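Trainee:
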Amino acid sequence: MRQLVIVGASLAGLRAAQAARTGGFDGDLVVVGEEVHRPYTRPPLSKELLAGEHEAERVVLPSDTFDAQWRLGVPAARLDRARRRVVLADGDELPYDRLILATGSRARRWPGPGGELEGVHVLRSLDDAIALRAALERRPRVAVVGAGFIGCEVAQTARKQGLDVTLIDIAPTPMLPLGPQLGEWCAALHSDHGVDLRLGTGVAALHGTGQVEAVELTDGTHVPADVVLVGMGALPNTEWLAGSGLQVTPGLQCDATLTAIGDPDILGAGDIVSWPHPLAGGDAIRIEHWTVAAEQGQHAGRNVLLPAQERKPYDQPPYFWSDQYDTKIQALGLPGRAERLELLEETEDGSRFVYGGERDGRLVGVIAINAARRLGSYRMALADPPDFADLRARLAADEKALGAPVRTV
Ligand SMILES: Cc1cc2nc3c(=O)[nH]c(=O)nc-3n(C[C@H](O)[C@H](O)[C@H](O)COP(=O)(O)OP(=O)(O)OC[C@H]3O[C@@H](n4cnc5c(N)ncnc54)[C@H](O)[C@@H]3O)c2cc1C
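Counting from 1, position 110 in the sequence shown corresponds to residue 110 in full-length UniProt numbering; the numbering is continuous, with no gaps.
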């Protein structure tokens, strides 16, 4: 291999480039990015950067420690596998021997009436975050549409700044993958901090003349707002691969080694990838978590140097965190696939606890609230998922657990 092209100049693409160089690749390395920015990290965009605690320089990821050609500010428009070329939007063509696809995902926009009004924001990129931060500095009334993790984090950042915040979701609780009990807990966390929650209610339209003025809910009520953050999830950036013959719905379909199905010279990494995971019983999953993107980038950068039959599977349990007020929410494994979530351990004052997810009698994932030090043992457990009832019994006798007797909720 003499020519390696990586499409997507963010976390997964950067880690892939670094790993290929560290692994001894000394040919031509080109990294293509639609954004004009060098790679940066996104989690602070809804937290410290949005709050004004970090400036843009703090989110930049070091990317000048290895030799690469950076083609920034121009998206890849098409993949021509027959000629082994990535075709850029400016008409340039990049030949490749092997290719890593890491084009991530983008924020879903409000599709209904009013989406074009001034004051309606999404939050995915550094530019989005800078625009939203400037808007919050004008001390607006804020409505957040969608109580997923981005919506919840923006709500908490705006509340910490003393702004009026309404958090709207059609679901009955925020952060749906947390399940109903933890969802109730999360709702209480936000209402205790002064967020006006409108749950179980959809959005009918956004209203205003030029500038957004209100959000109309499906129950007919109007929520006055000068800024609306649409946090309705993300979509994988795979449209540019249409016509390439790769399977891209939903996400780029890869095997366990992150090699694209049907083309051993192409690998994927990060939010774009759908790959079979042992915790999902071998079903394909697509995950939008920072650590998965970083690890998969590194993994793809190593695997791309090997012939297909020598590549290693990527089978780490997915890990995710979210910071809301003084609370750290962490998830490990696939708690969203659990048939039920049960409290496994908690401190006596109830401020730190762990829920476990059970599926087919086994642990599939955990959600830890302010209980980071417990994650290591669950990570080990998930490598060979234990019987759920045995795990509960063991935890009850474990001195290293959080301290209180395990109780059933
Ligand atoms: C505001 C925010 C906060 C977050 N906070 C957390 C958190 O607290 N914890 C957590 O676990 N995860 C968090 N995440 C998720 C995490 O940041 C993502 O999982 C991670 O960024 C995925 O990395 P990626 O490289 O796969 O994709 P992305 O970061 O989406 O990068 C893909 C890049 O490819 C570019 N691109 C797209 N199409 C093309 C094309 N055709 N040609 C060239 N380039 C293209 C995009 O412009 C982008 O720069 C957060 C995400 C956001 C947006």
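By construction, the Cβ of each residue, glycine as well, lies at the ideal position given by its N, Cα and C atoms. The structure presented is a predicted model; accordingly, all values stated were derived computationally and were not measured.
Indicate whether the contact test is met: 3 or more Cβ pairs, each with one atom in the region 352-359 and one in the region 304-324, closer than 8 Å.
Mentor: In short, these stretches do not touch, since the Cβ pair count stays below three.
Trainee: CB-CB under 7 Å to Arg109, same chain, minus the five flanking residues each way: which ones, in chain order?
Mentor: Answer for Arg109: Gly115, Val122, Val230, listed in chain order.
Trainee: Using a threshold of 7 Å, is the CB atom of Asp226 nearer than that to any non-hydrogen atom of ligand 1?
Mentor: Asp226: no, Cβ never under 7 Å from ligand 1.
Trainee: Report yes if the CB atom of Leu279 is closer than 8 Å to the CB atom of Ala269, and no otherwise.
Mentor: The answer is no: Cβ separation not under 8 Å.
Trainee: Taking the alpha helix (DSSP H) that Lys160 falls in, what are its first and last residues?
Mentor: 149-160 is the span of the alpha helix (DSSP H), which, as asked, contains Lys160.
Trainee: Evaluate the contact criterion for the region 282-296 versus the region 362-374: three or more CB pairs, one atom per stretch, below 8 Å.
Mentor: Touching, no.
Trainee: Within the same chain, show all residues whose beta-carbon is closer than 6 Å to that of Val253, passing over the 5 residues directly before and after it, in chain order.
Mentor: Reading off the sequence, residue 253 comes out as Gln, not Val. Hits under 6 Å: Gln247, Ile261, Ser274.
Trainee: State the start and end residues of the unbroken alpha helix (DSSP H) segment that holds Ala17.
Mentor: It spans 11-22 - the alpha helix (DSSP H) in which Ala17 sits, taken as one unbroken run.
Trainee: Alpha carbon to alpha carbon, what distance is there between Asp169 and Arg373?
Mentor: Distance between the alpha carbons of Arg373 and Asp169 is about 32 Å.
Trainee: Quick check: the Cα distance between Ser322 and Leu199, rounded to an integer number of angstroms?
Mentor: Going from the Cα of Ser322 to the Cα of Leu199 covers about 20 Å.
Trainee: Considering only heavy atoms of ligand 1, does any lie closer than 7 Å to the CB of His289?
Mentor: It does: the Cβ of His289 is within 7 Å (strictly closer) of some heavy atom of ligand 1.
Trainee: Would you decide whether Thr221 is buried or exposed? Buried here means 16 or more other CB atoms lie within 10 Å of its CB.
Mentor: By the 10 Å Cβ count, Thr221 comes out exposed.
Trainee: Measuring straight from C-alpha to C-alpha, what distance separates Leu182 and Thr201?
Mentor: Answer to the nearest angstrom: the Cα atoms are 19 Å apart.
Trainee: Under 8 Å between the Cβ atoms of Tyr325 and Gln69?
Mentor: No, the pair does not count as a contact, with Cβ atoms beyond the cut-off.
Trainee: Please list the segments of the alpha helix (DSSP H) lying wholly inside the region 157-205, counting only runs of 4 or more residues, in order along the chain.
Mentor: Whole alpha helix (DSSP H) segments, 4+ residues: 179-192.
Trainee: Could you check if Asp90 belongs to the surroundings of ligand 1, using beta carbon to heavy atom distance under 7 Å?
Mentor: False, no ligand heavy atom lies under 7 Å from that Cβ.
Trainee: What beta strand (DSSP E) runs, 3 residues minimum, are completely inside the region 60-105?
Mentor: Complete beta strand (DSSP E) runs here, min 3: 69-72, 76-80, 85-88, 93-95, 98-101.
Trainee: When the Cα of Thr103 is compared with those of Gly8, His37, Val145, Cys152, which residue comes out closest?
Mentor: Closest by alpha carbon: Gly8.
Trainee: Answer yes if the region 201-214 comes into contact with the region 122-131, meaning at least three C-beta pairs across the two stretches below 8 Å, and no otherwise.
Mentor: With a cut-off of 8 Å, the region 201-214 and the region 122-131 do not count as touching, because too few Cβ pairs lie within range.
Trainee: Is the closest heavy atom of ligand 1 to the C-beta of Ala76 under 7 Å?
Mentor: Ala76 Cβ: within cutoff of ligand 1.
Trainee: Kindly indicate the opening and closing residues of the alpha helix (DSSP H) around residue 410.
Mentor: Coverage of the chain is limited to positions 1 through 409, which leaves residue 410 absent and any answer about it impossible.
Trainee: In three-state terms, what does DSSP make of Tyr325?
Mentor: Tyr325 falls in the coil class under three-state DSSP.
Trainee: What is the DSSP secondary structure of Thr41, reduced to helix, strand or coil?
Mentor: Note: Thr41 maps to coil in three-state DSSP.
Trainee: Does at least one heavy atom of ligand 1 sit under 7 Å from the Cβ of Arg42?
Mentor: Yes, Cβ of Arg42 sits closer than 7 Å to a heavy atom of ligand 1.
Trainee: If you compare alpha carbons, which of Arg379, Leu395, Val145 is closest to Asp196?
Mentor: Measuring from the Cα of Asp196, the nearest candidate turns out to be Val145.
Trainee: Measuring only the C-alpha atoms, how far is Glu48 from Asp192?
Mentor: Cα-Cα distance, rounded: 21 Å.
Trainee: Please report the distance separating the alpha-carbon of Leu61 from that of Ala393.
Mentor: If you take the alpha carbons of Leu61 and Ala393, they lie about 44 Å apart.
Trainee: I'd like the list of long-range same chain contacts for Leu217, defined as Cβ closer than 8 Å, with 5 residues on each side in sequence excluded.
Mentor: Cβ within range, chain order: Ile168, Arg198, Thr201, Gly202, Val203, Ala204, Val223.
Trainee: Less than 8 Å between the beta carbons of Leu126 and His37, yes or no?
Mentor: Result yes, Cβ atoms of Leu126 and His37 sit closer than 8 Å.
Trainee: Taking 8 Å as the threshold (C-beta atoms), are Leu395 and Glu345 in contact?
Mentor: For Glu345 and Leu395, yes; Cβs fall inside 8 Å.
Trainee: Can you list, in chain order, the stretches of the alpha helix (DSSP H) that have 4 or more residues and sit fully within the region 282-343?
Mentor: For the region 282-343, whole alpha helix (DSSP H) runs of length 4 or above, ordered along the chain, are 290-303.
Trainee: Check each candidate in Asp97, Leu176, Gly151 and name the one with the smallest Cα separation from Pro307.
Mentor: Nearest C-alpha to Pro307: Asp97.
Trainee: Taking Cβ positions, are Pro39 and Leu14 nearer each other than 8 Å?
Mentor: Yes. Within cutoff.
Trainee: Does the region 18-29 touch the region 76-93, meaning 3 or more C-beta pairs lie closer than 8 Å?
Mentor: Taking 8 Å as the limit for Cβ pairs, the verdict is that the region 18-29 does not touch the region 76-93.
Trainee: Using the Cβ count rule (16 or more neighbours within 10 Å means buried), how would you classify Thr65?
Mentor: Answer is exposed; the Cβ neighbour count stays below 16.
Trainee: At a threshold of 7 Å, does Asn237 count as lining ligand 1 (C-beta to nearest heavy atom)?
Mentor: For ligand 1, at least one heavy atom lies less than 7 Å from the Cβ of Asn237.
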